[in-house]
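Participant: Sequence lines, in order, name chains A and B.
The numbering of the first sequence is the numbering used here, which starts it at 5 and goes up by one.
The numbering of the second sequence is the numbering used here, which starts it at 37 and goes up by one.
Sending over a structure as structure tokens; questions will come in a sec.
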Amino acid sequence: MIAIRGLTKRYADKVAVDNISIEVAAGKVTGFLGPNGAGKSTTMRVIMGLDHPTAGEATISGKPYATLRWPMREVGALLDAKGVHPGRSGRDHLLSMAYSNGIPAKRVDQVLEEVGLAKVAKKRARGYSLGMSQRLGIAGALLGDPQVLLFDEPVNGLDTEGVRWVREMMRRLASEGRTVFVSSHLMSEMQQTADQLVIIGKGKVIMDAPMAEVIARGSRNAVIVRSPQTQGLDKLAQALESDAAVIERVSPHELHVVNGDVEVVGQRASELGVQLHELALRQSSLEDAYLELTAESVEYISAGRQSKA
Amino acid sequence: MNTHSTTEVAQSGDVITRESAAGAERGGGLWGAIRFEWVKLWSVRSTWWCLATGVVLMVLWAGVVGYDYSYEDTAHPAPTDPFPVGDTTIQAAQLAQFAIMALAMLVITAEYASGSIRATLQCVPSRGRMLASKAILVGIVTFVYGLILAGAGTISGGIMLKDLAEVESSELFRQIPSVAAYLAMVGMFTLGVGFILRSAVGTLSISFLLLVVLPLIIRGIGVDFIQTIADFLPGSAGTYLLDGGGDRYGAGVAALILGAWTVAALGFGYSVLKKRDA
Chain A
5 MIAIRGLTKR YADKVAVDNI SIEVAAGKVT GFLGPNGAGK STTMRVIMGL DHPTAGEATI
65 SGKPYATLRW PMREVGALLD AKGVHPGRSG RDHLLSMAYS NGIPAKRVDQ VLEEVGLAKV
125 AKKRARGYSL GMSQRLGIAG ALLGDPQVLL FDEPVNGLDT EGVRWVREMM RRLASEGRTV
185 FVSSHLMSEM QQTADQLVII GKGKVIMDAP MAEVIARGSR NAVIVRSPQT QGLDKLAQAL
245 ESDAAVIERV SPHELHVVNG DVEVVGQRAS ELGVQLHELA LRQSSLEDAY LELTAESVEY
305 ISAGRQSKA
Chain B
37 MNTHSTTEVA QSGDVITRES AAGAERGGGL WGAIRFEWVK LWSVRSTWWC LATGVVLMVL
97 WAGVVGYDYS YEDTAHPAPT DPFPVGDTTI QAAQLAQFAI MALAMLVITA EYASGSIRAT
157 LQCVPSRGRM LASKAILVGI VTFVYGLILA GAGTISGGIM LKDLAEVESS ELFRQIPSVA
217 AYLAMVGMFT LGVGFILRSA VGTLSISFLL LVVLPLIIRG IGVDFIQTIA DFLPGSAGTY
277 LLDGGGDRYG AGVAALILGA WTVAALGFGY SVLKKRDA
């Protein structure tokens, strides 16, 4: 488990992380989301004991990272895939890391096999693509078979197969009871991977909740009803409004029941004998919910979105 | 991966061991950190380039010194006094030290340049242990390498001196370890500066300034108290150490002064490492 209490990180002229407190539980994939510059990487660097917090603390199983006797056996992290000496081979990179924590050399070959780098392990890191570097970074995180794993943007540069592989790996690691904390800016990917979400913006926690709860916050959840019978739809709208539902009449042949329930709408339509051509639930995507939640805390907003926001 | 077992296995009494795919919890610590640095040192080409350059500089320069002394033509009659072979190495060491400085500098600045310093601190988060492991590695490697260099320089100088070579074993037994000790301290000093400055250019400039340039410049200034200051610079102390003492102090004091500079550089480097973000 990762615990962050009252963490603040101030740089010369800027507060990167402003008094955040989160607990990242074991057995789940916890997604860490936020706009660029929101403080995600800073938070991860503080957890790993690389940056010193201005105030507060981050602990892993109750201890600061820097005090762990065999840190890689407790925490594995991929923070910066390109942070490898370009002149060193992937295998030597991992082998040196293994020695530092008393991990046997055969484990190095095991993780190389697991991440699919066994064939290029003897090549210098300079020649690795971003995707290969990500795999090498993931291999390094897995090396100590740790209970706690941190990944900062792990799917950057990966192809479709690689993205799916990372997703399945993270799901598996969580199902084994490990703590998996992963930052990403790819919402559709997160939606498929994470159980819990921590969303930060401008250095503050905007939301810390299960995935379903975050998506339910999105305002675009609606039941879509289409019918050829305009008058039938009028009747249905009246009936639902009397049940206190919010109706958007999009066209004579279509209405939307905001935050509606498909079963209830279907039941009513059947009672009123309205012929339906479509009855569907449109859910907010994580992306919709995320954009609404972070609209006010976006650091570098693009011109197009600014006008809408 | 099927070996990814995380079952908690109860053993005799209260001892609970987690079966890990990464093997039992053993090793690590300072020894693990030194092995970590050892593998990193030998797995990049730049190390080998530095070592090769050092040998070339040493062998060439010691040879040149020997040849320069024994050289004979019409305007320059050959001397008849013998020349101590070790002195060729002592002179050449002042040139070969640049290879040592580059080697020691790269041990730390290459990690800051590539960002792999973060991987290093993930593996060895204790700042003291991390710095100690690098200092021990650089100290031992450069000392052993210094012995080899000094030996090679002596042979090269001896060959070029031909029959003018004066081989006195007691003198060589002092000179060769002195060269090795000097180079090891230059290496650790440069490493300390690297921890302070983090950049290759800055590290090389400052080390070069303190070890070579300043002592040379100040020697040309006649003012007494400036001379006294110059005597305590690492470069001057190094020269005294290599020469087996000078008019101001002996080799022992020289080693102490150079050692103090080395400890100060590493100590300052440690405080920077501890305070600043990686």
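Just so it is clear, CB atoms sit at the ideal spot from N, CA and C, and this is done for glycine as well.
Beta-carbon separation of residue 53(A) and residue 68(A) under 9 Å?
Facilitator: The residue labelled residue 53(A) in the question sits at position 49 within the first sequence. The residue labelled residue 68(A) in the question sits at position 64 within the first sequence. Yes; because the gap between Cβ atoms is below 9 Å, this pair is in contact.
Participant: CB-CB under 6 Å to residue 82(B), same chain, minus the five flanking residues each way: which ones, in chain order?
Facilitator: In the second sequence, the residue the question calls residue 82(B) occupies position 46. Excluding residues within five positions, the ones whose Cβ falls inside 6 Å are 142.
Participant: Please tell me whether residue 160(A) has its Cβ less than 9 Å away from any Cβ of chain B.
Facilitator: Taking the first sequence and counting its residues from 1, one reaches residue 160(A) at position 156. Not flagged as an interface residue toward chain B: residue 160(A), since no C-beta distance is shorter than 9 Å.
Participant: Would you grab the beta carbon distance between residue 200(B) and residue 118(B) for me? Rounded to a whole angstrom, and I think it's under 8 Å.
Facilitator: On the second sequence, residue 200(B) is found 164 positions in, with the first residue counted as 1. On the second sequence, residue 118(B) is found 82 positions in, with the first residue counted as 1. That belief holds up - the Cβ atoms of residue 200(B) and residue 118(B) are roughly 5 Å apart, short of 8 Å.
Participant: So residue 86(B) contacts chain A; which residues on that side make the cut at Cβ distance below 8 Å?
Facilitator: Against the second sequence, residue 86(B) aligns to sequence position 50. Ordered by position in chain A, no residue passes the 8 Å Cβ test against residue 86(B), which lies about 13 Å from the chain.
Participant: Looking at the unbroken alpha helix (DSSP H) that takes in residue 305(B), where does it start and where does it end?
Facilitator: Counting from 1 along the second sequence, the entry for residue 305(B) is found at position 269. Element bounds for residue 305(B): 287-311.
Participant: For residue 157(A), does the three-state DSSP call read helix, strand or coil?
Facilitator: For this step, residue 157(A) is matched to residue 153 along the first sequence. DSSP places residue 157(A) in coil when its eight states are reduced to three.
Participant: Which residues in chain B sit within 8 Å of residue 70(A), going by Cβ to Cβ distance?
Facilitator: Here residue 70(A) refers to the residue found at position 66 of the first sequence. The contacting residues are 161, 162, 163.
Participant: Say whether chain B places a C-beta atom closer than 9 Å to the C-beta of residue 169(A).
Facilitator: Within the first sequence, residue 169(A) is the residue found at index 165, counting from 1. Not an interface residue.
Participant: Between residue 86(A) and residue 255(A), what straight-line distance do the alpha-carbon atoms span, to the nearest angstrom?
Facilitator: Counting from one through the first sequence, the residue named residue 86(A) turns up at place 82. Counting from one through the first sequence, the residue named residue 255(A) turns up at place 251. Between residue 86(A) and residue 255(A), the C-alpha separation is close to 53 Å.
Participant: With a CB to CB cut of under 7 Å and the five nearest residues on each side skipped, what residues in its chain are close to residue 293(B)?
Facilitator: Counting from one through the second sequence, the residue named residue 293(B) turns up at place 257. In the same chain as residue 293(B), and ignoring 5 residues on each side of it, the C-beta atoms closer than 7 Å to its own belong to 268, 273, in chain order.
Participant: Using Cβ-Cβ distances below 7 Å, what residues of the stretch 94-112 of chain A are close to chain B?
Facilitator: 96, 99, 100, 101, 103, 104, 105, 106, 107, 108, 111
Participant: Step through the CB atoms of chain B and report whether any lies within less than 9 Å of the CB of residue 87(A).
Facilitator: Counted from its first residue, the first sequence places residue 87(A) at position 83. Under the 9 Å criterion on CB atoms, residue 87(A) is classed as interfacial with respect to chain B.
Participant: Quick one: Cα of residue 280(A) to Cα of residue 237(A), how far?
Facilitator: For the purposes of this step, residue 280(A) is taken as residue 276 along the first sequence, with counting starting at 1. For the purposes of this step, residue 237(A) is taken as residue 233 along the first sequence, with counting starting at 1. Their Cα atoms are separated by approximately 9 Å.
Participant: Would residue 230(B) and residue 153(B) be called neighbours here (beta carbons separated by less than 9 Å)?
Facilitator: Position 194 of the second sequence, counted from the start, is the residue given in the question as residue 230(B). Position 117 of the second sequence, counted from the start, is the residue given in the question as residue 153(B). The answer is no: Cβ separation not under 9 Å.
Participant: When the cut-off is 9 Å and only beta carbons count, does residue 280(A) lie next to chain B?
Facilitator: Counted from its first residue, the first sequence places residue 280(A) at position 276. So, not an interface residue.
Participant: Note down, in chain order, every chain B residue with its Cβ under 7 Å from the Cβ of residue 90(A).
Facilitator: Position 86 of the first sequence holds residue 90(A). Per Cβ cutoff of 7 Å: 150.
Participant: Spatial neighbours of residue 74(B) within its chain, please: C-beta separation below 8 Å, excluding the five flanking residues on both sides.
Facilitator: For the purposes of this step, residue 74(B) is identified with residue 38 of the second sequence, where counting begins at 1. 173.
Participant: Counting only beta-carbon atoms, is residue 139(A) nearer than 9 Å to chain B?
Facilitator: By one-based count along the first sequence, residue 139(A) stands at place 135. False, the Cβ-Cβ gap to chain B never drops below 9 Å.
Participant: Along chain B, which residues have their Cβ under 8 Å away from the Cβ of residue 77(A)?
Facilitator: As a first step, residue 77(A) is located in the first sequence; it is residue number 73 there, counting from the start. Correct list: 56, 58, 61.
Participant: Output yes if chain A places a C-beta closer than 9 Å to the C-beta of residue 305(B); else output no.
Facilitator: Counted from its first residue, the second sequence places residue 305(B) at position 269. Not an interface residue.
Participant: Can you list the residues of chain A that residue 80(B) reaches, using a CB-CB cut of under 7 Å?
Facilitator: Walking along the second sequence from the start, residue 80(B) turns up at place 44. What residue 80(B) touches in chain A: 89, 91, 92.
Participant: When DSSP labels each residue in this structure, what does residue 155(B) get in the three-state scheme?
Facilitator: As a first step, residue 155(B) is located in the second sequence; it is residue number 119 there, counting from the start. Helix.
Participant: Span of the beta strand (DSSP E) holding residue 283(A)?
Facilitator: Taking the first residue of the first sequence as position 1, residue 283(A) is located at position 279. Residues 282-286.
Participant: Using a Cβ-Cβ distance cut-off of 9 Å, determine whether residue 56(A) contacts chain B.
Facilitator: As a working note, residue 56(A) is residue 52 in the first sequence. Cβ-Cβ to chain B under 9 Å: yes for residue 56(A).
Participant: When the Cα of residue 157(A) is compared with those of 19(A), 212(A), 36(A), 248(A), which residue comes out closest?
Facilitator: Counted from its first residue, the first sequence places residue 157(A) at position 153. When only C-alpha atoms are compared, the closest one is 36(A).
Participant: In chain E, which residues lie with their C-beta within 9 Å of the C-beta of residue 53(A)?
Facilitator: Structure shown: chain E not included; protein chains present are A and B.
Participant: Hey, is the stretch 111-121 of chain A in contact with the stretch 90-103 of chain A, meaning 3+ C-beta pairs nearer than 8 Å?
Facilitator: yes
Participant: Using only the heavy atoms of the ligand FMN, determine whether one of them is closer than 8 Å to the beta carbon of residue 204(A).
Facilitator: Looking for the ligand FMN in the displayed structure turns up nothing, as the structure carries no ligands at all.
Participant: I want to see whether chain A comes within less than 9 Å of residue 153(B), judged by CB atoms only; does it?
Facilitator: The sequence position of residue 153(B) within the second sequence is 117, counting from 1. It does: the Cβ of residue 153(B) has a partner Cβ on chain A nearer than 9 Å.
Participant: For the candidate residues 68(B), 71(B), 106(B), 129(B), whose alpha-carbon lies nearest to that of residue 97(B)?
Facilitator: Numbered from its first residue, the second sequence carries residue 97(B) at position 61. Nearest of 68(B), 71(B), 106(B), 129(B) to residue 97(B), Cα basis: 129(B).
Participant: Within 9 Å of any Cβ in chain A, is that where the Cβ of residue 207(B) sits?
Facilitator: Mapped onto the second sequence, residue 207(B) falls at position 171. By this cut-off, residue 207(B) is not an interface position.
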